[in-house]
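Novice:
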Amino acid sequence: MHRTASERLGWLFGLVMAAGSAQAQSSYTMTTLNVPSGQLGVMATAMQASGMVVGFQQVRQGTVYAAPGDFGTLVDCPFGCAAYTTQVLSWGPETAASVSPQLGSTYFAPTQVNARGSLLGFTVSREVRKLDLKVPVTPQALLPSSLGVGRGLPSVLIDGKRTTIAPFQAGAILPDNTLLGGSTLGYYDPPDGLPETLLPALRTVVPDGVSITTRQALPAPYITGRFLRANAVGDTVGQVATGAQAPWLPALWQAGQLQILDVPAGFEPVALNDARQVLLQAPAPNGQAGVWFNGGWQPIQSAGRKVYATAMNQRGTVVGCTQAPATMPRRADNSAFLWRQGVLQDLTQELASKGVKLPSGTRLGCPLAINDQGTILAYTYRTLWPDSVTWVRFNARP
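Taking mature numbering (1 follows the signal peptide of the UniProt record, and there is no 0), I'd label the letters of the sequence shown as residues -24 to -1, 1 to 374.
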């Protein structure tokens, strides 16, 4: 898709006008997200618009004993195996140098949070081993496998009540859904459907735990699809296909009307804001990302490096990381970025120029989230052994 210089400038002007001013922040401060004493592993996963951060920790949860004749995993500990699960953590939006977490429900690992505080994530069963909580090198999709939590059932947590929504597969929790609290977008695999044929769907879970699935019919020739993200004005983005083996096509639904996005093949929606800007990413290891807006496509580019976008706010500002080409990528191959009005900036340099210097001997990992004020959820890590991760929030000041 080729655009002249004047077309590109017009596209960028329209993007800025639609999303509002995306001016640079005057300064930043850094808040360290403290971890509970004696913790076994902590993962931050999402940030609310207010700046509140949610995540989870690994906790010891009793002992599991083998049943008579059991020759499975428990045979290695005849006097009982230590069991582990997860517990929800949340860090308030205070901009102090550090903030301690609040402890929440167990057996749950959140991946998204909405304005009401409802959580989307996974129910985590007890495991007879310590969980391998490792931050993904390119944290595009926070799934049980990438989070190291083993098996997990899609679930929502509303006012402390956990409801499993499987076999419905959730792509996102609605951003601001005060009355219904836990409505999620995703897809439903109809029991009487064709193999691998999915229907985009809305799963509504009210605070008393009752859930209702509303399926979205697809116009011909599309027979399979899935919702992936939503904004606060009722639009959704996802993917559709003409068959189980056909390629996925990025799509936008406005008032129930389907529009196929004219973007390069193989891209998946990552974020949708209220101006209908869509952030899309090609799956790893392709390392390509871009923003669709009003029929135009603007790639996010970094010379000689792959690009992995992780989040976008209402102003159209994108965060993520660029990556040096490597057969087995490591954190050290990444460089955090901020993309604003078509310009890609090194995030470490941007922070340093606005008042935040990282602790000696540490580097900045991939950002996970950015809110509308420009506050960023990320982590730092040691460049020397032992490897360690510190979760941080960079508080933006206008």
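A virtual CB, placed ideally from N, CA and C, is assigned to each residue, including glycine. Since we're looking at a predicted model, the values are computed, not measured.
With A328 as the anchor, note down where its alpha helix (DSSP H) starts and where it stops.
Specialist: Taken as a continuous stretch (DSSP letters only), the alpha helix (DSSP H) holding A328 covers 323 to 329.
Novice: Here's the rule I'm using: 16 or more other beta-carbon atoms within 10 Å means buried, otherwise exposed. How should Q230 be labelled?
Specialist: Looking at its Cβ environment, which holds fewer than 16 other Cβ atoms inside 10 Å, Q230 is exposed.
Novice: Decide if S131 is buried, meaning its Cβ has at least 16 other Cβ atoms within 10 Å, or exposed.
Specialist: Flag for S131 reads buried.
Novice: Return the chain-ordered list of same chain residues with a C-beta closer than 7 Å to the C-beta of G128, the five sequence neighbours on each side being excluded.
Specialist: Within the same chain, G128 has close Cβ partners A85, F98, T99, V100, P120.
Novice: Under the three-state reduction of DSSP, which class applies to R281: helix, strand or coil?
Specialist: Residue state, collapsed to three classes: coil.
Novice: Expressed to the nearest angstrom, what Euclidean distance is found between the alpha-carbon atoms of T5 and T71?
Specialist: Their Cα atoms are separated by approximately 7 Å.
Novice: Between A142 and L161, how many whole angstroms is the CB-CB distance? I'm expecting something under 8 Å.
Specialist: In fact, because the Cβ distance is near 15 Å, the residues do not count as touching under 8 Å.
Novice: Quick one: any contact between the region 362 to 371 and the region 315 to 322, if contact means 3 or more CB pairs under 8 Å?
Specialist: Contact fails: fewer than three Cβ-Cβ distances are below 8 Å.
Novice: Kindly identify the DSSP beta-bridge partner or partners of E103.
Specialist: E103 pairs with Y60.
Novice: Taking Cβ to Cβ, would you say M23 is nearer than 7 Å to L323?
Specialist: Contact: no.
Novice: Pick helix, strand or coil for R291, following the three-state DSSP scheme.
Specialist: Reduced to three states, the DSSP call for R291 is coil.
Novice: On the CB-based measure, 16 or more other CB atoms within 10 Å of its CB, does S336 come out buried or exposed?
Specialist: The residue in question, S336, is exposed, as its Cβ has fewer than 16 Cβ neighbours within 10 Å.
Novice: Any idea what DSSP makes of A308, helix, strand or coil?
Specialist: Three-state result, A308: helix.
Novice: Beta-carbon separation of Q33 and L65 under 7 Å?
Specialist: Yes, they are a contact pair.
Novice: Would you mind sorting Q235 into buried or exposed? The rule is 16 or more other CB atoms within 10 Å of its CB.
Specialist: Result: exposed.
Novice: For A25, which residues from the same chain have a beta carbon less than 7 Å from its beta carbon, with the 5 sequence-adjacent residues on both sides left out?
Specialist: Within the same chain, A25 has close Cβ partners A91, N347, D348.
Novice: Could you tell me whether the Cβ atoms of A300 and R281 are closer together than 7 Å?
Specialist: Yes.
Novice: Out of D250, N270, Q290, V294, which has the shortest C-alpha to C-alpha gap to Q257?
Specialist: Of the candidates D250, N270, Q290, V294, the one whose C-alpha sits nearest the C-alpha of Q257 is V294.
Novice: Return helix, strand or coil for T356, following the three-state DSSP convention.
Specialist: T356 falls in the strand class under three-state DSSP.
Novice: When DSSP labels each residue in this structure, what does C342 get in the three-state scheme?
Specialist: Of the three classes helix, strand and coil, the one that applies to C342 here is coil, per DSSP.
Novice: Taking DSSP's pairing of strands, which residues face I188 in a bridge?
Specialist: DSSP, once it has assigned bridges, lists T180 as partnering I188.
Novice: How far does the beta strand (DSSP E) with L79 in it extend, from its first residue to its last?
Specialist: That run of the beta strand (DSSP E) goes 77 to 82.
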